Each structure stands twice: as structure tokens, then as C-alpha cells.
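All remarks here apply to the structure that follows.
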Amino acid sequence: MPMGFSLDGIDIRIIKILAKNGRAPFTEIAADLKVTEKTVRTHYKQLIEKEIITITGVVNPLSIGLNALAIVWLKVELNRLDEVIENIKRMKEVRFVSVVTGKYQLIIQVNVSTQEDLKESFQRLNKIGGIYEVNSMIQLEVLKDTFEYFLK
Numbered sequence: 031m032p033m034g035f036s037l038d039g040i041d042i043r044i045i046k047i048l049a050k051n052g053r054a055p056f057t058e059i060a061a062d063l064k065v066t067e068k069t070v071r072t073h074y075k076q077l078i079e080k081e082i083i084t085i086t087g088v089v090n091p092l093s094i095g096l097n098a099l100a101i102v103w104l105k106v107e108l109n110r111l112d113e114v115i116e117n118i119k120r121m122k123e124v125r126f127v128s129v130v131t132g133k134y135q136l137i138i139q140v141n142v143s144t145q146e147d148l149k150e151s152f153q154r155l156n157k158i159g160g161i162y163e164v165n166s167m168i169q170l171e172v173l174k175d176t177f178e179y180f181l182k
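What the sequence shown shows, in my numbering, is residues 31 to 182, in sequence order.
Below is the structure:
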């Protein structure tokens, strides 16, 4: 969170509503929160400007034919970590990249259409200099994928 900015109750309630429905009209949000539409617009604008929230359409990968999903752990030469990250971020099929602690330095998620595409993605990963171990799990079924994780 940006320095000097803290979320108030209205901000949190707006975020909760938008986490469930990113297209919720400001008039409905205002009525729900018992505040003016102008108040909602002002808070929303600050949340966007401070990069607290981003409104985007999230696609269910299975609905568009991305049926082969994998979680991949990577051991990376630490002096090449930034280079490896940049190479992985350029891979269209990689939807998530995170630096992690523990045995591996990176965890990524790969979403592709077929097992053959998955094989090709792993071959491309193996060609990236600086990666010295790849460990993966194929996701058989996604049972929960939400953006409501911190909101009670």
C-alpha cells in the first residue's frame, strides 16, 4: 500500500463489492453503503490511482479451451534470477510468476490447450539459461479461484 494512504471502512466495503462484481454500478454501491454516488466515485478514483485495485476481466481458462494447467517450481541461479524472471514473463502461456522462499526460487502457473502444448512449454523453460531444476504438478481440477480472499 502506498505510504501515507490507508484504507478506511468505505474503501474496504467498495473493494468487497467489486471483488464479487467488478461491473457493479456506482449507484448500486452507493445505495448498498448508504453513501452518495460522489463518495463512491471519489474513493474508487483514489483506489485506482493508488494502485490498490485494478478492474479487469478475468477469464476462466477452461472456458476458452486452456485445459492443460500446471504449477511449476523452478530452481534458479540467484545471480541470474532477474534475467530468468524476464524470460518467463515473456512466455504468453505463463499466467502467474512469484518469487518464493524455500527449496525453489520461483513458482509459476502455465495454462495451455493440450498436453502437447504443455510439453512444448516445458521444453522452452528448459532452454532458459539460469534455470537448473524444474518440478511440476499438473492441475487436474480447479475448485476455487477467487479474488475475495482477504475480505471478510
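Note that the Cβ used here is the ideal one computed from N, Cα and C, for glycine as well.
Given the structure is predicted, the values throughout are model-derived calculations rather than measurements.
Sequence-distant residues of the same chain with beta carbon closer than 8 angstroms to Leu148, five excluded per side
Numbered from its first residue, the sequence shown carries residue 148 at position 118. Once the five neighbours on either side are set aside, the close Cβ partners of Leu148 are Ala98, Ala100, Val140, Val142, Ile168.
Can you tell me the Cα-Cα spacing of Ile212 and Thr57, whole angstroms?
As shown, the chain starts at 31 and ends at 182. That puts residue 212 outside it, with no answer to give.
Using three-state DSSP, classify Val65 as helix, strand or coil.
Position 35 of the sequence shown holds residue 65. The answer is coil: DSSP assigns Val65 none of H, G, I, E or B.
Distance between beta carbons of Asp41 and Leu96, contact taken as under 8 angstroms:
Start at 1 with the first residue of the sequence shown, and residue 96 comes out as number 66. Start at 1 with the first residue of the sequence shown, and residue 41 comes out as number 11. Actually they do not touch by this definition, with Cβ atoms about 34 angstroms apart.
Residue of Ile118, Pro55, Thr72 minimising C-alpha distance to Asp38
Taking the sequence shown and counting its residues from 1, the one referred to as residue 38 is at position 8. Residue Thr72 is the option with its Cα nearest to Asp38.
Does DSSP put Lys105 in a helix, a strand or coil?
If you number the sequence shown from 1, residue 105 lands on position 75. Note: Lys105 maps to strand in three-state DSSP.
In terms of residue numbering, what span does the beta strand (DSSP E) encompassing Arg43 cover?
Indexing the sequence shown from 1 puts residue 43 at position 13. Careful: Arg43 lies outside any beta strand (DSSP E), inside the alpha helix (DSSP H) at 39-50.
If you follow the beta strand (DSSP E) that Arg125 is in, where does it begin and where does it stop?
Taking the sequence shown and counting its residues from 1, one reaches residue 125 at position 95. First-last of the beta strand (DSSP E) with Arg125: 124-129.
When you compare the CB positions of Arg124 and Ile138, do they come within less than 7 angstroms of one another, or not?
Walking along the sequence shown from the start, residue 124 turns up at place 94. Walking along the sequence shown from the start, residue 138 turns up at place 108. In the sequence on display, residue 124 carries Val and not Arg. Cβ atoms of Val124 and Ile138: closer than 7 angstroms.
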